[in-house]
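Residue numbers (this note's numbering), protein chains in the order written: chain F, 360 to 670; chain G, 127 to 314.
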């Protein structure tokens, strides 16, 4: 094939040509030289959708092109497979753990494509140090949705982690911690695993839209305080709250009602969809916020609280 | 100008389409224009075929030439090689009045000429043909490694780029020094 001096083409032709190349081909092109690396954004890669799911050990671009990582192996070459939709990235440092390898690949792709992250999902065994390293590399990146899991993550670590990353929707799946510094988040989902360290749990969640606490220690008294606070307008964004707790007593009062679950026979079934979750209540009781916004509460296997903001 | 009218040869592929058209719609006589490239060989092209080129179409619309005036004043494209212009004219004739299919099999196959062709097509603003040419360029590196891409697309390594940059700076410095010396000589 006759060689073709691509770098001598006018910008308009380069742009059109780059747009035809897929993410794997663009990645390969970026590795040719510094000048070829600069061609990649001409393909409109800024608008790529990048999904980083650490538990799956791969990065997905535009829901089709996957980049996976492997430790350094001499028998493997950096070649895309026949379908051209999968690319194996070999990290030369074979001492790295797989989470660090994937982090390195993620940062490399973000650098090449100059795109944001559509979805980021860390793992339960991500350490605080690993998360801090990951997020220090993501400074200035926009993340559409993030599900943050990790082990032994303190509130101060979280503050450092989130300081310079812009989120549109954030989901935390962590032990209970005080995250008052996240009150400006436009959308926050907090799925917490109560470690029993914090007794006054509910006051921390004022910026939440969706709140789910597993293995909670919340009792009727604390729940009533939370509902009273909601009525007074202290959780303006909250749409769904789910508490699982053995300390909630069905025969004791919640919002002035006792003997739960209530109105299960003949009561209206209501459903609410928030983010990726759908919650349904059969019967229950209605409570009203001071500004007229209504909510349905029900206690059965867990306490469910659905707010009807649009009614 | 030593021009040779090539209306017969360049218009040949278009003849099968022009004949039935003229039978179906005899009331509008087709007008022709003339273009030539670097080799001064003049190609006769119908206005319908030239509509693919936004550049030439714009020129025609502004000039309002009669047949005689058009013949006497062929559009000069001195920056386009004669054989490349021939390819473009052939393609325009073949696709006169028709939209280009996504995978066009009637397009020039000469890979060696692709670079000049893509530049000419871009200059003449033939959008559909440019899209196809860009596809051809992109196809060159499908499934290739960085080393292969570098070779096919003639991408210099970083070291080569740095060396070339140094050389250019050195040359510019020498030229500047030469100009200063010449200016000093003139002043004396």
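Just so it is clear, CB atoms sit at the ideal spot from N, CA and C, and this is done for glycine as well.
(message) Measuring straight from C-alpha to C-alpha, what distance separates residue 300/G and residue 293/G?
(response) One-based indexing of the second chain puts residue 300/G at position 174. One-based indexing of the second chain puts residue 293/G at position 167. If I take the Cα positions, the gap works out to 11 Å.
(message) Which residue marks the beginning of the beta strand (DSSP E) containing residue 655/F, and which one marks its end?
(response) As a position in the first chain, residue 655/F is number 296, starting the count at 1. Unbroken beta strand (DSSP E) run through residue 655/F: 653 to 658.
(request) May I ask you to report which of helix, strand or coil DSSP gives residue 282/G? (result) For the purposes of this step, residue 282/G is taken as the residue at position 156 of the second chain. Coil, per DSSP.
(message) Please report the distance separating the alpha-carbon of residue 585/F from that of residue 519/F.
(response) Locating residue 585/F in the first chain gives position 226, where the first residue counts as 1. Locating residue 519/F in the first chain gives position 160, where the first residue counts as 1. Those two C-alpha atoms are separated by around 28 Å.
(message) If the cut-off is 7 Å on Cβ atoms, which residues from the segment 377 to 410 of chain F count as contacting chain G, listed in chain order?
(response) 379, 380, 384, 387, 388, 390, 391, 392, 393, 394, 395
(request) Kindly indicate which residue of 215/G, 195/G, 242/G, 202/G has the alpha-carbon position closest to the one of residue 172/G. (result) Reading the second chain from its first residue, position 46 is the one you call residue 172/G. Measuring from the Cα of residue 172/G, the nearest candidate turns out to be 215/G.
(message) Here's a check: name, in chain order, each residue in its chain whose Cβ is nearer than 6 Å to the Cβ of residue 266/G, leaving out the five neighbours to either side.
(response) One-based indexing of the second chain puts residue 266/G at position 140. Within the same chain, and ignoring the five residues on either side of residue 266/G in sequence, the residues whose Cβ sits closer than 6 Å to its Cβ are 278.
(request) Could you list which residues in chain F have their beta carbon closer than 9 Å to that of residue 83/G, in chain order? (result) The requested residue 83/G does not occur in the structure, where chain G is confined to residues 127 to 314.
(request) Starting from the Cα of residue 165/G, find the closest Cα among 178/G, 177/G, 205/G and give me that residue. (result) The residue labelled residue 165/G in the question sits at position 39 within the second chain. Just measuring C-alpha positions, the residue of 178/G, 177/G, 205/G sitting nearest residue 165/G is 205/G.
(message) Closer than 9 Å between beta carbons: that is the criterion. Which residues of the segment 460 to 491 of chain F meet it against chain G?
(response) none
(request) For residue 434/F, name the three-state secondary structure that DSSP assigns. (result) As a position in the first chain, residue 434/F is number 75, starting the count at 1. At residue 434/F, the pLDDT of 37 sits below 50, so the modelled position is not reliable; the number obtained from the coordinates is stated separately. Three-state result, residue 434/F: coil.
(request) Let me know the alpha helix (DSSP H) ranges lying completely inside the segment 160 to 198 of chain G, each 4 residues or longer, listed in chain order. (result) 173 to 176, 180 to 189, 193 to 198
(message) Cβ closer than 7 Å: which chain G residues qualify as neighbours of residue 363/F?
(response) Here the question's residue 363/F lines up with position 4 in the first chain. Within chain G, the residues near residue 363/F are 240, 241, 263, 266, 278, 279, 280.
(message) In the DSSP output, what is residue 426/F paired with across the bridge?
(response) Position 67 of the first chain, counting from 1, holds the residue named residue 426/F. Residue 426/F is bridged to 418/F, 446/F.
(request) Over the uninterrupted alpha helix (DSSP H) stretch that includes residue 372/F, give me the two end residues. (result) On the first chain, position 13 is the one that residue 372/F refers to. Taken as a continuous stretch (DSSP letters only), the alpha helix (DSSP H) holding residue 372/F covers 370 to 379.
(request) Would you kindly report the start and end of the unbroken beta strand (DSSP E) that includes residue 514/F? (result) Indexing the first chain from 1 puts residue 514/F at position 155. Careful: residue 514/F lies outside any beta strand (DSSP E), inside the alpha helix (DSSP H) at 514 to 521.
(request) Check whether the Cβ of residue 372/F lies closer than 8 Å to any Cβ atom in chain G. (result) Here residue 372/F is taken as the residue at index 13 of the first chain, counted from 1. Answer yes: the Cβ-Cβ gap between residue 372/F and chain G drops below 8 Å somewhere.
(request) Please classify residue 280/G: is it buried, with 16 or more other beta-carbons within 10 angstroms of its beta-carbon, or exposed? (result) The residue given as residue 280/G occupies position 154 in the second chain. Exposed, because fewer than 16 other Cβ atoms sit within 10 Å of the Cβ of residue 280/G.
(message) For residue 505/F, report the span of its beta strand (DSSP E) as first-last.
(response) Translated into the one-based positions of the first chain, residue 505/F becomes position 146. Here the beta strand (DSSP E) through residue 505/F covers 501 to 508.
(request) With DSSP as the reference, label residue 247/G as helix, strand or coil. (result) Here the question's residue 247/G lines up with position 121 in the second chain. Residue 247/G falls in the helix class under three-state DSSP.
(request) Taking C-beta pairs closer than 9 Å, name the residues in chain G that residue 429/F reaches, listed in chain order. (result) Numbered from 1 along the first chain, position 70 holds the residue referred to as residue 429/F. The contacting residues do not exist; residue 429/F stays about 17 Å from chain G at best.
(message) Distance check for residue 282/G and residue 290/G, CA to CA, integer angstroms please.
(response) Start at 1 with the first residue of the second chain, and residue 290/G comes out as number 164. Start at 1 with the first residue of the second chain, and residue 282/G comes out as number 156. In a straight line, the C-alpha of residue 290/G is about 10 Å away from that of residue 282/G.
(request) Anything in chain G within Cβ reach of residue 595/F, meaning under 9 Å, just list it in chain order. (result) Here the question's residue 595/F lines up with position 236 in the first chain. The premise fails here: residue 595/F is roughly 51 Å from chain G at the closest Cβ pair, so nothing lies under 9 Å.
(message) Is the beta carbon of residue 264/G closer than 8 Å to that of residue 379/F?
(response) In the first chain, the residue the question calls residue 379/F occupies position 20. In the second chain, the residue the question calls residue 264/G occupies position 138. Yes; because the gap between Cβ atoms is below 8 Å, this pair is in contact.
(message) Quick check: does the Cβ of residue 239/G come within less than 7 Å of any heavy atom belonging to the ligand FMN?
(response) Ligands in the displayed structure: none, and consequently the ligand FMN is not present.
(message) Classify residue 200/G: buried if its beta carbon has 16 or more other beta carbons within 10 angstroms, exposed otherwise.
(response) As a first step, residue 200/G must be located in the second chain, where it is residue number 74. Buried.
(request) Tell me whether the beta-carbon of residue 572/F lies closer than 8 Å to the beta-carbon of residue 606/F. (result) Translated into the one-based positions of the first chain, residue 572/F becomes position 213. Translated into the one-based positions of the first chain, residue 606/F becomes position 247. Not in contact: residue 572/F and residue 606/F (Cβ atoms no closer than 8 Å).
(message) Assess contact between the segment 619 to 627 of chain F and the segment 590 to 600 of chain F, defined as three or more Cβ pairs (one per stretch) separated by less than 8 Å. Is contact present?
(response) no
(request) Identify the contact partners of residue 256/G in chain F, using a Cβ-Cβ distance below 8 Å as the criterion. (result) Position 130 of the second chain, counted from the first residue, corresponds to residue 256/G. Chain F residues near residue 256/G: 372, 375.
(message) Counting only Cβ-Cβ distances shorter than 8 Å, please list the residues of the segment 491 to 504 of chain F near chain G, keeping chain order.
(response) none
(message) Given a cut-off of 8 Å on the beta-carbon distance, is the pair residue 603/F and residue 574/F in contact?
(response) For the purposes of this step, residue 603/F is taken as residue 244 along the first chain, with counting starting at 1. For the purposes of this step, residue 574/F is taken as residue 215 along the first chain, with counting starting at 1. Yes; because the gap between Cβ atoms is below 8 Å, this pair is in contact.
(message) Just verifying my parser: in three-state terms, what is the DSSP assignment at residue 582/F?
(response) As a working mapping, residue 582/F is identified with position 223 in the first chain. Reduced to three states, the DSSP call for residue 582/F is helix.
(message) According to DSSP, simplified to helix, strand and coil, what is residue 412/F?
(response) Taking the first residue of the first chain as position 1, residue 412/F is located at position 53. Strand, per DSSP.
(request) State the beta-bridge partners of residue 600/F as determined by DSSP. (result) For the purposes of this step, residue 600/F is taken as residue 241 along the first chain, with counting starting at 1. In the DSSP output, where bridge partners are listed per residue, residue 600/F has 570/F, 664/F.
(request) Alpha carbon to alpha carbon, how far is residue 511/F from residue 393/F? Give it in angstroms, no decimals. (result) Looking up residue 393/F in the first chain gives position 34. Looking up residue 511/F in the first chain gives position 152. So the alpha carbons of these two residues sit roughly 41 Å apart.
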